[in-house]
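Heads up, the thing below is written out as structure tokens.
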Amino acid sequence: MLLKTKKRRCKRKNGFCVFAMKRLIVIFAVFICIGVSSASFISMTPSVSSEKIIQGNNSIINLTLANFGDEAAYDVSASIVMPGGLHANDLFLGRLNPNETYSGKFEADIGENMVPGKYTILLMVDYKDANGHPFSAVSAFSLVIKTVSVSKLTPKINELDLAVTETKELKMSVRNIDNIPHQVTVSMFLPRELSSDISEKTIIVDKKSDKDIAFTVSSFGALPGSNYAIFAVVSYEESGLYYSSFSSGVIHVIEKETLPSWIPIALLLLLVFFFVIYQFRK
2 MLLKTKKRRC
12 KRKNGFCVFA
22 MKRLIVIFAV
32 FICIGVSSAS
42 FISMTPSVSS
52 EKIIQGNNSI
62 INLTLANFGD
72 EAAYDVSASI
82 VMPGGLHAND
92 LFLGRLNPNE
102 TYSGKFEADI
112 GENMVPGKYT
122 ILLMVDYKDA
132 NGHPFSAVSA
142 FSLVIKTVSV
152 SKLTPKINEL
162 DLAVTETKEL
172 KMSVRNIDNI
182 PHQVTVSMFL
192 PRELSSDISE
202 KTIIVDKKSD
212 KDIAFTVSSF
222 GALPGSNYAI
232 FAVVSYEESG
242 LYYSSFSSGV
252 IHVIEKETLP
262 SWIPIALLLL
272 LVFFFVIYQF
282 RK
């Protein structure tokens with residue numbers, strides 16, 4: 002007995018091939034699914050508070066740390082990077098679940114020989130994801146010891162795109178709004194996934210002027226697609242007071258592109274075009 006098989010024909014409707022269109026719909030549906038898929042993430046948001054003006058040799062610095070991501074963070078710890086003469090304990094938080102908030106206290110010891118004024122303090126938060134990959138995040142806040150001082154100099158950091166295999170110059174500037182020149186120390190603070198050849202430079206900024214400087218930075222285990230907050234601190238001592246100011250910037254870590262980004266898109270469009278032509282000629 003002969004089995005008759007139906008020959009698959011292209012039914013045309015409004016000048017289009019129906020089953021060709023069905024295949025195209027499937028293809029575009031796949032791309033849409035890929036586009037809307039998203040990975041889990043950890044988002045650490047710290048908040049620090051302390052006495053408005055510290056008069057004694059001891060002070061409490063309060064830390065609030067929240068995970069606003071949708072993945073738990075493991076082995077979370079927090080430490081303070083302080084200038085010479087200031088010391089504080091480290092805090093170990095352990096696991097921090099999504100939408101969970103931790104509150105803790107740093108006990109800061111202030112040396113008797115500390116110059117009065119406004120200091121910039123850096124907070125370093127270390128943690129791991131579920132796969133054990135280490136991450137870190139740095140943030141800055143101010144601490145006033147005995148007397149308030151207002152800096153006349155401020156830094157500004159340019160954003161930077163950095164490939165995982167690259168070493169680049171991170172450019173920044175220091176603005177002096179004072180009527181006299183100042184010799185200052187410019188310090189750069191990075192998360193542990195980034196590194197630099199040096200961490201600080203001493204420069205002279207003329208009155209009412211901007212001074213451009215640069216630091217060499219590279220990736221040290223940073224993940225492509227991640228954005229890392231960095232901080233620049235300008236500090237100087239003058240007339241028995243300590244002055245400090247800071248600003249933040251962002252380094253975008255990217256994959257090293259071997260081809261221009263438009264080439265894969267053009268190839269995909271050509272593939273779809275020839276697919277449609279082929280279906281019409283069958």
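Using this note's numbering, read the sequence shown as starting at 2 and increasing by one per residue. We treat Cβ as the ideally placed atom computed from N, Cα and C, and that holds for glycine. All figures in this text were calculated on a predicted structure; none of them were measured in a lab.
Chain-order list of residues whose beta-carbon lies under 6 Å from that of residue i (same chain, five-residue window excluded)
| i | result |
| --- | --- |
| HIS88 | ASP110 |
| SER227 | VAL254 |
| GLY105 | LEU64 and LEU92 |
| PHE216 | LEU171, MET189 and SER197 |
| TYR237 | HIS183, VAL185 and TYR244 |
| ALA164 | ILE255 and LYS257 |
| TYR128 | ALA74, VAL77 and PHE136 |
Distance between residue j and residue i (C-alpha atoms, nearest Å)
| i | j | result |
| --- | --- | --- |
| ASN58 | GLY112 | 6 Å |
| LYS119 | ILE146 | 6 Å |
| THR46 | VAL277 | 50 Å |
| ILE61 | GLU52 | 8 Å |
| ILE158 | PHE136 | 22 Å |
| VAL151 | ILE122 | 16 Å |
| PHE29 | PHE274 | Any reading at PHE29 must be qualified, since the residue scores a pLDDT of 41, below 50, and its modelled position is unreliable; the value itself is stated next. Using only the alpha carbons, I get a separation of about 13 Å. |
| VAL126 | LEU270 | 45 Å |
| LEU224 | LYS202 | 28 Å |
| ASN132 | ASN114 | 46 Å |
| SER80 | ASP211 | 33 Å |
| SER50 | SER246 | 17 Å |
| ILE214 | LYS169 | 13 Å |
| GLY241 | LEU144 | 17 Å |
| PRO99 | ALA267 | 40 Å |
| ASN177 | PHE142 | 21 Å |
Test item: CB-CB of residue i and residue j under 8 Å
| i | j | result |
| --- | --- | --- |
| ASN63 | GLU101 | no |
| VAL149 | ILE54 | yes |
| VAL235 | PRO156 | yes |
| LEU92 | ALA74 | no |
| ILE231 | LEU191 | yes |
| ILE205 | GLN184 | yes |
| VAL82 | LEU94 | no |
| LEU161 | SER140 | no |
| SER44 | GLY70 | yes |
| SER220 | GLU194 | yes |
Close Cβ partners of residue i (< 7 Å) along its chain, the five nearest in sequence each way excluded
| i | result |
| --- | --- |
| THR166 | LYS257 |
| GLN56 | LYS147 |
| PHE42 | GLY70, ASP71 and GLU72 |
| SER48 | THR65 |
Residue range of the unbroken beta strand (DSSP E) whose run includes residue i
| i | result |
| --- | --- |
| ILE199 | Per DSSP, ILE199 belongs to no beta strand (DSSP E) and is neither H nor E. |
| ALA233 | 228–239 |
| LEU94 | 92–97 |
| SER78 | 74–82 |
| PRO47 | 45–50 |
| LEU123 | 118–129 |
| LEU191 | Unbroken run through LEU191: none, as it is neither H nor E. |
| LYS212 | 210–220 |
| HIS253 | 242–255 |
| SER60 | 59–68 |
Sequence-distant residues of its chain with Cβ nearer than 8 Å to residue i (five each side left out)
| i | result |
| --- | --- |
| ASP179 | LYS153, LEU154, LYS208 and LYS209 |
| ASN15 | Interpretation of ASN15 is limited by its pLDDT of 46, a score under 50 that renders its predicted location unreliable; no figure is taken from the coordinates. |
| SER248 | THR155, PRO156, LYS157, ILE158, PHE232 and ALA233 |
Item to check | Every unbroken beta strand (DSSP E) within the region 145–169, with a cutoff of 3 residues, ordered by chain | outcome: 154–158 and 161–164
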